[in-house]
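S.K.: Supplied in structure tokens, the structure appears directly below.
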């Protein structure tokens, strides 16, 4: 983990990403920088008062969307494990 050549490679990759950001270029992984430029992501649910009642109009559509999001998250986890960005068998929360 403290391999000097690896640290230099990581440092160079970060330097190039910062240059791309400064030049308003897009690149794979740019989403990791979002918290540095924007307030935390919010949704309409963030604006509801505590204890508010939420009525779901189409539970089947909501369930299908949740299933699709779960599949996307699992696919992304596997992709990140394969690329080495996440340790293998990274636990789900």
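Numbering (this note's numbering), first residue to last: 292 to 384. All C-beta atoms in this analysis are idealised placements derived from N, C-alpha and C, irrespective of residue type, glycine included. Because the structure is a prediction, the values reported are computed rather than measured.
(1) Would you kindly work out how many angstroms separate the C-alpha atoms of residue 308 and residue 342, rounded to a whole number?
(2) Could you give the residue range of the alpha helix (DSSP H) that holds residue 361?
(3) Suppose the cutoff is 7 Å on Cβ atoms and the five residues either side in sequence are ignored; what does the same chain contact list for residue 311 look like?
(4) Using only alpha-carbon positions, find the residue among 356, 360, 376 and 380 that is nearest to residue 320.
(5) Quick one: residues in its chain with C-beta nearer than 6 Å to the C-beta of residue 336, no 5 flanking neighbours on either side, listed in chain order?
(6) How many Å lie between residue 331 and residue 325 at the Cα?
M.R.: Checking against the coordinates, here is how it stands:
(1) For the purposes of this step, residue 308 is taken as the residue at position 17 of the chain shown. For the purposes of this step, residue 342 is taken as the residue at position 51 of the chain shown. Annotation: residue 308 to residue 342 spans about 42 Å, alpha carbon to alpha carbon.
(2) Within the chain shown, residue 361 is the residue found at index 70, counting from 1. Where residue 361 is concerned, the enclosing alpha helix (DSSP H) stretches over 350-374.
(3) Locating residue 311 in the chain shown gives position 20, where the first residue counts as 1. Once the five neighbours on either side are set aside, the close Cβ partners of residue 311 are 318.
(4) Within the chain shown, residue 320 is the residue found at index 29, counting from 1. Its Cα nearest to that of residue 320, the residue 376 stands out among 356, 360, 376 and 380.
(5) For the purposes of this step, residue 336 is taken as the residue at position 45 of the chain shown. Around residue 336: no qualifying Cβ.
(6) For this step, residue 331 is matched to residue 40 along the chain shown. For this step, residue 325 is matched to residue 34 along the chain shown. The straight-line gap from Cα to Cα measures roughly 8 Å.
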